[in-house]
Structure formats: C-alpha cells, structure tokens
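What follows is a set of notes on a single structure, which appears directly below.
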Ligand code: GLN
C-alpha cells in the first residue's frame, strides 16, 4: 500500500497544477510561499507523530469574497483592489485548523453579483471542460479550480445559486448549506438574509468533510446557528432505502434541455431502484421566486455596499473633489462595475418611500409564502429532486442582457429564499459539457441530503475528467 502523499508534495502538486492552468484565469492571487511554508510545518508535525486533523495537507482554494489574513481580498471589484484583511474568515480558519492549506483566492463576479464570472473586474474565468464556455458564477473560479483538478475542495458563497450553478457548469459537487449553518464572519456581504458559505468539491464525501469542519456556532457571527453539527460523513453510505424523494416535475416543463430533463428523470428512476419512495411534488412557480429575489437581493445589497464610500477603506478617487458627496460619488463611480451599480440603483429604488410596500413588502410576502410551501412539501418527503440549471454552460460572451443571465438561476433561487440546504450532483454530459441534478433538503438536514447525493453519485457513474 502506498502512503498518502505528505503535505509538502501535495501542495507542490496543487501549485504546479494552478500554474499549468493559468490561462483559465481561476486565481486572483496564489500564495505559493505561504502554502509551501504551511505544508512544511504540517509535514514536520506528521513526522513527529502529531495528530493534525481530518483534512491534513488538503489544498484548498477560497473564493475572493472570504477574507484570509495576509492576503488581498478584492471581491472581484476594483473598489477593493488593495484591500487586505487583518483576520481570517471563520469558515477558512476552521478548514485550516483541520489541516487544510489555502493555496489561493479565486475569481468571482463582482461582490457575487452574476452567474458567469464575466462580471469580475479582473476578467472572466474559463470553463476547464472547454475554455470557450463560462464556468458559471458567481463562484466560477472555485468551481473551475476543482474541475481542473487543482484542488479537491474550494470554498464558495451562495446567495441565489452561486455555489450550485457553477458546480453544475463545471461538473463538480456544490453544497449550499442551510442559512446560518456555516458562519459568515469574514464573508464580504452581498444580501445578508440569503448569503451562505459552502464547499465545492470533487466528490460528495469531500463536500461532507468540508462541511463537517466548517459548520457550527460562532460567537463572531450572531446569525450562525447553534444547531449541533453532526459528522456529515457518517451516514454517507447508508443508501436511500425507505427515504421519500419528491420530484419537482413542474420544473421540467419549461425551458429545460433534453439532457437536464433526462438527468432528473434518470436520477428519479435510479433512486427508486435503490429503494427510495419516489413521488411527484408540485411547488410554486419559479418565476415568482426569481422576481422576489431580484427585489430582495438588490435591496440588501444597496444597504451592504453603502460602506464602500472611499473614506473608511477601499478605493478613493484621486480627482480633486468639491464636497464629501462628490468624494463618495467619484470613488464609487470609479470603483464599482456596471452590474453592481445597476443592483444598487434597483435596491435603492425598491426601498424608497412610497415604493417600499409595492416592491419590498410584496417580495417579502412572496418569500414567506414560498418558504411555507417548501416546508409543507418537506413534511411529506425527505428531499426534493429537480434541475440545478436549465442546461449546460453558455458560451463566454453569450449573456449580455441581465434578464437572460438571471434566468440561469431560476431553479436555485427558491432554496435560497427559503433558507434550505441544497446540493448539485453531476450526473453526465450534454454536448460535451457537464449537467446534473439538484437536491433540496429540510433545514439543518444536510446529513440526509448528502446521503442521497452520495447514492446519486454512485449510480450516475459520472467521470470527473475535466483535466
Ligand atoms: N446570480 C445571482 C445574482 O447575481 C446569484 C448570485 C449568488 O448566489 N451570489 O444575484
């Protein structure tokens, strides 16, 4: 039997793979010296016989909207081009305590606003399966880092689909935990009532290992749940016998490619043969969820992004200014990209006096109704099964108009609005590009979700062969 590679060798291999794939524009920053030093330290500890942790020597990549001490965090924006944090995000810190080594920060749509990583101020990331296609977004760099075989686990954030959708386009596993399951301390806020931190991984098992390391209460984030975090890997191989799976058949009616429809139907059949009780479930219209999301997320973004004013931190204009308001306007105008400006304008409008009830109030009512419908459906079934995306990845440059882009998220938005855990599992290819399915679970029932995902993974026989 060969010994598992020592951290020094594993990290050197990951850094070499990152260099080899430099053309994909996956990383906004690589920390070769820091990662190498951390790997040496771990190797020495292992040689001394120390117990290090379950992720010892695992190279990880971190979406560049999570802060890591000693490295820049840009959030994909010019406004934070030179921002360096004095602390490390809790999720990252916990993975590092478990033995993982951060090799670099990955590209994303500016502040997480986008679905293709083309809205980054630092250029798009290319899909490792075919560089003419987008990797999805906003965690496109993290999904590409895993798909290209650079790291087995990368961190993403998911507000409306930003972990699951890029995982789908890159043929890897992407887990959005229950809202509050993983601390958001050190995550650059987009829409706080929707933001989550979670893993993108090569396998369901790696996603479970990463979640197990990260989950749990955090005194630094009062919205982090106190719900005990079980060992999510323990029940992975328990199968699906006796579990009830609800298929979201209604989601397959509209604009879904034959490949994706086949993936959902095929998965339903496989789960039934594996002993699950599979039935059809009807839930509210995804278009209404999308409309509610595009009021709520920009409204929260307009408030969260008010802190970038050119005074406290971030870019400050070098132009001669005539007033404080002028300083704000010029700094923000120079620092924010067009998609971010569009969201701030939209959010500010939706919250303004006279429009609040018409837009924000109605969107919140819709959100409450949708959450109720999902929770009711999840009383009768353990997990829901449906598509993650309407089809495989679009071409680079194809998503010029914001509405076309928004439609790519129509199947991921609902679980975000309802705060539910959801996972993408790759199952096959369509036109040479990866496709797969989404599973949605009960609040804090990630263990069951991962258990079903593992069964789907086994039965799909999908080969992760991007690199
Ligand atoms: N594409 C969606 C948006 O732009 C979701 C992004 C996300 O989950 N961060 O808002």
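In our numbering, the protein residues as written are 71 to 537.
Even for Gly, the Cβ is constructed at its ideal location relative to N, Cα and C.
Residue 185 has its Cβ nearer than 6 Å to a heavy atom of the ligand GLN.
Note: residue 499 is bridge-paired with 504 in the DSSP secondary-structure output.
In this structure, the CA atom of residue 379 is about 47 Å from the CA atom of residue 319. The alpha helix (DSSP H) runs lying completely inside the stretch 420-468 and spanning 4 residues or more are 432-450, given in chain order. Partner residues in the beta bridge of residue 197, as assigned by DSSP, are 200. Look at residue 368 here: in three-state DSSP terms it is helix. Here DSSP, grouped into helix, strand and coil, assigns residue 287 to coil.
Shown here, residue 227 sits in a strand according to DSSP, grouped into three states. Under DSSP, residue 268 takes part in a beta bridge, and its partners are 226. Counting along the chain, the unbroken alpha helix (DSSP H) around residue 472 starts and ends at 472-477.
Among the bridge pairs identified by DSSP, residue 350 is matched with 317. In terms of Cα proximity to residue 500, the closest of 165, 412, 202, 239 is 239. Inclusion of residue 229 in the 6 Å shell around the ligand GLN follows from its C-beta lying nearer than that to a non-hydrogen atom of the ligand. Contact between residue 197 and residue 463 is confirmed by a C-beta separation of about 5 Å, below the 8 Å threshold. Where residue 129 is concerned, the enclosing beta strand (DSSP E) starts and stops at 129-133. If you ignore the 5 residues before and after residue 469, its C-beta comes within less than 6 Å of the C-beta of 186, 475, all in its own chain and listed in chain order.
Annotation: the continuous alpha helix (DSSP H) that includes residue 483 extends over 483-488. Residue 234 places its beta carbon less than 7 Å from that of residue 244.
The C-beta separation of residue 224 from residue 131 comes to about 4 Å, placing the pair in contact by the 8 Å criterion. For residue 337, the uninterrupted alpha helix (DSSP H) run begins and ends at 328-343, by DSSP. Judged by DSSP in its simplified three-state form, residue 116 adopts helix.
Under a 10 Å Cβ-count criterion, residue 323 is classified as exposed, with fewer than 16 other Cβ atoms of the shown protein chains found around its own Cβ. In terms of Cα proximity to residue 315, the closest of 532, 450, 478 is 450. Relative to the ligand GLN, residue 208 has its C-beta within less than 6 Å of a heavy atom. The secondary-structure analysis by DSSP pairs residue 246 across a beta bridge with 492. In the DSSP assignment, residue 99 falls within the unbroken beta strand (DSSP E) covering 97-100. With 16 or more other Cβ atoms from the protein chains shown falling within 10 Å of its own Cβ, residue 95 counts as buried.
By a beta-carbon distance limit of 8 Å, residue 212 does not contact residue 142. Their separation comes to about 17 Å. Straight through space, the alpha carbons of residue 200 and residue 75 are spaced by roughly 30 Å.
In the displayed model, residue 410 falls within a helix according to three-state DSSP. Using a C-beta cut-off of 8 Å, the stretch 507-527 makes contact with the stretch 446-461, since at least three inter-stretch Cβ pairs fall below that distance.
Short of 6 Å from the beta carbon of residue 299, and not among the five residues preceding or following it, lie these beta carbons of its own chain, in chain order: 285, 286. Considering only 417, 439, 438, 440, the residue with the shortest C-alpha distance to residue 429 is 417. From the listed residues 302, 89, 526, 125, the smallest Cα separation to residue 346 is found for 526. Per DSSP, the unbroken beta strand (DSSP E) holding residue 173 starts and ends at 171-176. If you look at residue 159, you'll find it isn't in any alpha helix (DSSP H); DSSP assigns it neither H nor E.
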